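Just below is one structure, and these are the notes that go with it.
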Amino acid sequence: MSLIALVTLVVDDYDKAIAFYTDALGFQLIEDTDRGDGSRWVVVRPRGADGSDQGSTGLLLARAKDDVQRASVGAQTGGRVGFFLHTEDFARDHARMVAAGVRFLEEPRHEPYGSVAVFEDLYGNRWDLLQPA
Numbered sequence: 230m231s232l233i234a235l236v237t238l239v240v241d242d243y244d245k246a247i248a249f250y251t252d253a254l255g256f257q258l259i260e261d262t263d264r265g266d267g268s269r270w271v272v273v274r275p276r277g278a279d280g281s282d283q284g285s286t287g288l289l290l291a292r293a294k295d296d297v298q299r300a301s302v303g304a305q306t307g308g309r310v311g312f313f314l315h316t317e318d319f320a321r322d323h324a325r326m327v328a329a330g331v332r333f334l335e336e337p338r339h340e341p342y343g344s345v346a347v348f349e350d351l352y353g354n355r356w357d358l359l360q361p362a
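Counting from 230, one number per residue, gives the positions in the sequence shown under our numbering.
See the structure below:
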């Protein structure tokens, strides 16, 4: 069986990104390894239903190295929702994220496919918080 293990997200600062994803979104820091050249291998992953990171795709937080990469920070999907964070308890996670300062762009909606609300990460990338029906 194949799976997508990591998706790269270009960020401007490792520590700010780690803080946002772990504190505001509740992800786990899986790895933070100095690569010796000023860069780091930083992986965060959502916690699963059992509190572990098993089975979930991780984000490789990659600090922008040049002007082209810096220009893509926050705009990696052209302003579209590019990331989908599933939850088993929409109301709980929405309330926790609001309390942590996450900026939601809309009020929660209840659609035939589930409960959903669009939010922005630290950089303006758009995400869906989604509890499938």
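Ideal Cβ positions, reconstructed from N, Cα and C, are used throughout, including at glycine. As the structure is a computational prediction, the values presented were derived from the model and not from experiment.
- In this structure, the straight-line span from the alpha carbon of A328 to that of Q360 is close to 19 Å.
- Rounded to the nearest whole angstrom, the CA to CA distance from L290 to R355 is 16 Å.
- DSSP, reduced to helix, strand and coil, places T251 within a helical segment of the structure shown.
- A346: member of the beta strand (DSSP E) spanning G343 to E349, first to last residue.
- In this structure, the alpha-carbon of R325 lies about 24 Å from that of E260.
- Taking the Cβ atoms as the reference, L258 lies roughly 6 Å from V273, within the contact range of under 8 Å.
- D357: member of the beta strand (DSSP E) spanning R355 to P361, first to last residue.
- Excluding residues up to 5 positions away in sequence, R269 and W270 lie with their Cβ nearer than 7 Å to the Cβ of T262 in the same chain.
- According to DSSP, T306 shares a beta bridge with no other residue.
- Nearest Cα to G267 within the set A304, E317, F319 and A293: A293.
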